[in-house]
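Peer 1: My questions all concern the structure below.
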Amino acid sequence: MFDTAAAGSASPLFIVGVGFAGLCLGLIADALVRRVLPQLAGEATTRLRITTAAVTFVLSALLAWRFGSAAELPAYVLLGIFAVPLARIDIEHHLLPNRLVGPLLGAGLALLAFASLAQGAVGDLIRGAAGSAILFVLYLILALTSRNGLGMGDVKLAAPLGLYLGYLGWAQVFYGGALAFVVGGLASVVLVLKNRGNKPKEVAYGPSMLAAGLAIILLLP
Numbered sequence: 258m259f260d261t262a263a264a265g266s267a268s269p270l271f272i273v274g275v276g277f278a279g280l281c282l283g284l285i286a287d288a289l290v291r292r293v294l295p296q297l298a299g300e301a302t303t304r305l306r307i308t309t310a311a312v313t314f315v316l317s318a319l320l321a322w323r324f325g326s327a328a329e330l331p332a333y334v335l336l337g338i339f340a341v342p343l344a345r346i347d348i349e350h351h352l353l354p355n356r357l358v359g360p361l362l363g364a365g366l367a368l369l370a371f372a373s374l375a376q377g378a379v380g381d382l383i384r385g386a387a388g389s390a391i392l393f394v395l396y397l398i399l400a401l402t403s404r405n406g407l408g409m410g411d412v413k414l415a416a417p418l419g420l421y422l423g424y425l426g427w428a429q430v431f432y433g434g435a436l437a438f439v440v441g442g443l444a445s446v447v448l449v450l451k452n453r454g455n456k457p458k459e460v461a462y463g464p465s466m467l468a469a470g471l472a473i474i475l476l477l478p
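Quick note, the working numbering runs 257 ahead of the 1-based positions in the sequence shown.
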């Protein structure tokens, strides 16, 4: 079981420390993304680097507040670090590269497996794997049956999100998946209003999935 005693009991110093650690790791990850995917990473401007550092710091600090010193913390900080370049690339290119989604799933599975073994909670890991499969299949069905909707990148991203949500509980899987559609719908409305009533041909859905998943992870007990 998830260590609720460790969650929410972290000191401010610990939270800030994890935030700075996430910031540093986020900048390293950003540099690696630029090396591996130079055509997608975009220009490394000072503004972009500051934004990346700030968002990663906030996400890592919030996750430290949520999980405290629980063994699951590194896995969820990893999710926060990956979420930043994934969202940025999807917004700019309408693409969720396999070279980011695949490692997020693999590394997340490894870190959560370690956490579950350390706490004798293998059932949480099994539920996470089931959540990953369920969300993946659900998104695949929606992608195959909807017009101008989900892309295969969104389907692939559903697998690691389902893993992280499922590890915490079935309620997280349900609400994380449902909230993603709500956030995605709101984002589409905002884009239509911004474009003066002209609906864009493509709407990046990955950021909505990531934002919804992280919100549920942070807020749902």
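Just so you know, even glycine gets a beta-carbon here, dropped at the ideal spot from N, CA and C.
(1) Kindly indicate the opening and closing residues of the alpha helix (DSSP H) around G299.
(2) Using a Cβ-Cβ cutoff of less than 6 Å, which residues in the same chain neighbour A332 once the five nearest sequence positions on both sides are dropped?
(3) Using a threshold of 8 Å, state whether the C-beta atoms of V446 and A469 are closer than that.
(4) Does DSSP put S445 in a helix, a strand or coil?
(5) Label V290 either buried or exposed according to how many other C-beta atoms from any shown protein chain fall within 10 Å of its C-beta, with 16 as the threshold for buried.
(6) By DSSP, does A378 sit in helix, in strand, or in coil?
(7) Whose CA, out of I398, N355, R356, P478, lies closest to the CA of Y432?
(8) So, with DSSP's three-state summary, where would you put L361?
(9) Is it the case that the segment 342-349 contacts the segment 376-387, given that we only count it when at least three CB pairs across the two stretches are under 8 Å?
Peer 2: On the basis of the coordinates in this document:
(1) For the purposes of this step, residue 299 is taken as residue 42 along the sequence shown, with counting starting at 1. It is not in any alpha helix (DSSP H) - G299 carries neither H nor E in the DSSP assignment.
(2) Walking along the sequence shown from the start, residue 332 turns up at place 75. The answer, listed in chain order, is G365, L368, L369.
(3) Position 189 of the sequence shown, counting from 1, holds the residue named residue 446. Position 212 of the sequence shown, counting from 1, holds the residue named residue 469. Not closer than 8 Å, so no.
(4) Along the sequence shown, read from residue 1 onward, the residue named residue 445 stands at position 188. It is helical.
(5) Counting from 1 along the sequence shown, the entry for residue 290 is found at position 33. Answer is buried; the Cβ neighbour count reaches 16.
(6) Along the sequence shown, one-based indexing puts residue 378 at 121. Three-state DSSP puts A378 in coil, outside helix and strand.
(7) Residue mapping note: residue 432 aligns to position 175 of the sequence shown, counting from 1. Taking only the C-alpha atoms, the option nearest Y432 is P478.
(8) Within the sequence shown, residue 361 is the residue found at index 104, counting from 1. It is helical.
(9) no
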